[in-house]
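S.K.: Below are the structure tokens for one structure; questions will follow.
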DNA sequence: GTGCCACCTCAAGTAACTTGAGGTTCAAGG
DNA sequence: CCTTGAACCTCAAGTTACTTGAGGTGGCAC
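Chains as they are written, first to last, in UniProt numbering: chain A, 1 to 131; chain B, 1 to 131.
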């Protein structure tokens with residue numbers, strides 16, 4: 001049993017974000033103490049961590065919400081597996097895109113280093129990334 | 001010389017986005033025809049492509065703006081190289097994070113496939129990503 | 001000359017939070 | 001027991017990077 005501050009730290013997110021997730025229905029309405037302070041337990045942390053992981057993948061909140069609801073309904077693995085596979089495909093694509101970008105950045109830097117170092121000339125910036 | 005629609009298509013972005021970049025000072029105020037329609041040339045496309053590439057890296061608009069201005073001033077390579085190196089570091093970090101995520105997704109899926117297939121039981125969702 | 005699509009401006013909406021104002025609760029120290 | 005400071009509360013407004021919509025013009029084909 002811990003406070004919202006502790007929960008947030010453990011999930012690497014801000015306190016207002018946790019409250020926001022509750023307001024949006026991604027986190028269940030938290031139990032409260034006498035004074036109104038929210039109290040959380042281990043399952044809440046697990047849920048929040050899941051939300052954050054999916055957010056790191058840029059899965060939008062309403063998709064996460066639907067997914068969590070699906071899981072609450074005790075749906076069979078098939079749908080869960082499909083969802084995860086979808087995320088893995090998205091990850092693969094993004095890694096490829098990032099590698100592409102990295103390559104063109106490195107090409108430009110090589111260009112720049114050989115072409116510009118002698119004089120303090122400016123780099124040919126647009127040529128670099130636009131091809 | 002081409003229209004905003006053609007420009008946008010070539011840079012894989014929306015027409016309003018191009019106008020938005022102009023309003024924000026990332027694109028220079030475009031030349032206009034008699035009727036008021038914007039006209040663009042090759043350098044505009046190069047600039048827009050650069051902006052989009054950097055946006056794909058989640059570089060915020062004001063950072064891109066500062067960078068473009070730096071380049072316009074004809075600053076020496078050193079600063080440009082530093083900027084690019086920074087982006088490459090960011091790319092590397094993001095690729096690693098994505099690989100991490102992919103790993104934990106795959107572990108979960110393996111778990112799920114062996115544990116849940118016989119019965120149509122639900123997966124242990126929270127345990128999957130939260131550890 | 002009349003469609004019709006692409007363009008124009010301006011205002012408002014969206015996602016996912018963050019920041020701020022103004023006020024309460026809680027645990028520790030005196 | 002009292003106070004003090006951090007952590008909590010709610011509610012409203014701000015932020016970023018656009019998108020969407022309304023209402024209206026430009027340009028070209030037939």
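Even for Gly, the Cβ is constructed at its ideal location relative to N, Cα and C.
Distance check for residue 27/B and residue 38/B, CA to CA, integer angstroms please.
M.R.: Mapped onto the second chain, residue 38/B falls at position 38. Mapped onto the second chain, residue 27/B falls at position 27. Approximately 12 angstroms, taken between the alpha carbons.
S.K.: Does the pairing of the segment 95-103 of chain B with the segment 81-95 of chain A give three or more beta-carbon distances under 8 angstroms?
M.R.: Counting Cβ pairs under 8 angstroms, three or more are found: they touch.
S.K.: Pairing CB atoms from the segment 37-54 of chain A with CB atoms from the segment 10-28 of chain A, are three or more of them under 8 angstroms?
M.R.: The segment 37-54 of chain A is in contact with the segment 10-28 of chain A.
S.K.: Residues of chain A with CB closer than 7 angstroms to the CB of residue 87/B, please, in chain order.
M.R.: Indexing the second chain from 1 puts residue 87/B at position 87. Near residue 87/B (Cβ distances below 7 angstroms), the residues of chain A are 105.
S.K.: Tell me which residues share the same chain as residue 65/B and place their Cβ nearer than 8 angstroms to its Cβ, disregarding the 5 neighbours each side in the sequence.
M.R.: Against the second chain, residue 65/B aligns to sequence position 65. 24, 25, 26.
S.K.: Please report the distance separating the alpha-carbon of residue 56/A from that of residue 87/B.
M.R.: Your numbering for residue 56/A matches position 56 in the first chain. Your numbering for residue 87/B matches position 87 in the second chain. Those two C-alpha atoms are separated by around 18 angstroms.
S.K.: Quick one: measure Cβ to Cβ for residue 18/B and residue 48/B, integer angstroms, because I've assumed they're closer than 8 angstroms.
M.R.: Here residue 18/B corresponds to residue number 18 of the second chain, with the count starting at 1. Here residue 48/B corresponds to residue number 48 of the second chain, with the count starting at 1. Indeed they touch by this definition, with Cβ atoms about 7 angstroms apart.
S.K.: Could you give the uninterrupted runs of the alpha helix (DSSP H) lying entirely in the segment 33-91 of chain B, keeping only those of 4 residues or more?
M.R.: Runs found: 42-56, 61-72.
S.K.: From the DSSP output, which residues share a beta bridge with residue 22/A?
M.R.: Along the first chain, read from residue 1 onward, the residue named residue 22/A stands at position 22. In DSSP, residue 22/A forms no bridge with anything.
S.K.: Under 8 angstroms Cβ to Cβ from residue 3/A, same chain only, skipping five residues before and after it: list those, please.
M.R.: Here residue 3/A refers to the residue found at position 3 when the first chain is read from its first residue. Correct list, in chain order: 37, 38, 39, 40.
S.K.: If you compare alpha carbons, which of 77/B, 33/B, 107/B is closest to residue 110/A?
M.R.: Against the first chain, residue 110/A aligns to sequence position 110. Taking only the C-alpha atoms, the option nearest residue 110/A is 77/B.
S.K.: List the residues of chain B whose Cβ lies closer than 7 angstroms to the Cβ of residue 64/A, in chain order.
M.R.: In the first chain, residue 64/A corresponds to position 64, counting from 1. Neighbours of residue 64/A on chain B: none; closest Cβ ~11 angstroms, over 7 angstroms.
S.K.: Here's the rule I'm using: 16 or more other beta-carbon atoms within 10 Å means buried, otherwise exposed. How should residue 82/A be labelled?
M.R.: Mapped onto the first chain, residue 82/A falls at position 82. With fewer than 16 Cβ atoms within 10 Å of its Cβ, residue 82/A is classed as exposed.
S.K.: Taking only beta-carbon atoms, is residue 55/A less than 8 angstroms away from chain B?
M.R.: Along the first chain, one-based indexing puts residue 55/A at 55. With 8 angstroms as the cut-off, residue 55/A does not count as an interface residue toward chain B.
S.K.: For residue 101/A, return the contacting residues in chain B, with the cut-off set at a CB-CB distance below 7 angstroms.
M.R.: Walking along the first chain from the start, residue 101/A turns up at place 101. Chain B residues near residue 101/A: 53, 56, 57, 91.
S.K.: So with Cβ pairs under 8 angstroms, would you call residue 97/A a contact of chain B?
M.R.: Position 97 of the first chain, counted from the start, is the residue given in the question as residue 97/A. Chain B contact via Cβ: present.
S.K.: Going by DSSP, name the residue or residues bridged to residue 31/A.
M.R.: Locating residue 31/A in the first chain gives position 31, counting from the first residue. Paired residues: 39/A.
S.K.: Do you know offhand how far residue 6/B's Cα is from residue 15/B's?
M.R.: For the purposes of this step, residue 6/B is taken as residue 6 along the second chain, with counting starting at 1. For the purposes of this step, residue 15/B is taken as residue 15 along the second chain, with counting starting at 1. Taking the straight line from one Cα to the other gives about 9 angstroms.
S.K.: So, under 8 angstroms CB-CB, residue 63/A and residue 11/A are touching, yes? Tell me the CB distance rounded to an integer number of Å.
M.R.: If you number the first chain from 1, residue 63/A lands on position 63. If you number the first chain from 1, residue 11/A lands on position 11. Their Cβ separation, rounded to whole angstroms, is 19 angstroms, which puts residue 63/A and residue 11/A out of contact at 8 angstroms.
S.K.: Does residue 94/A have its Cβ less than 8 angstroms from a Cβ in chain B?
M.R.: For this step, residue 94/A is matched to residue 94 along the first chain. Residue 94/A counts as touching chain B.
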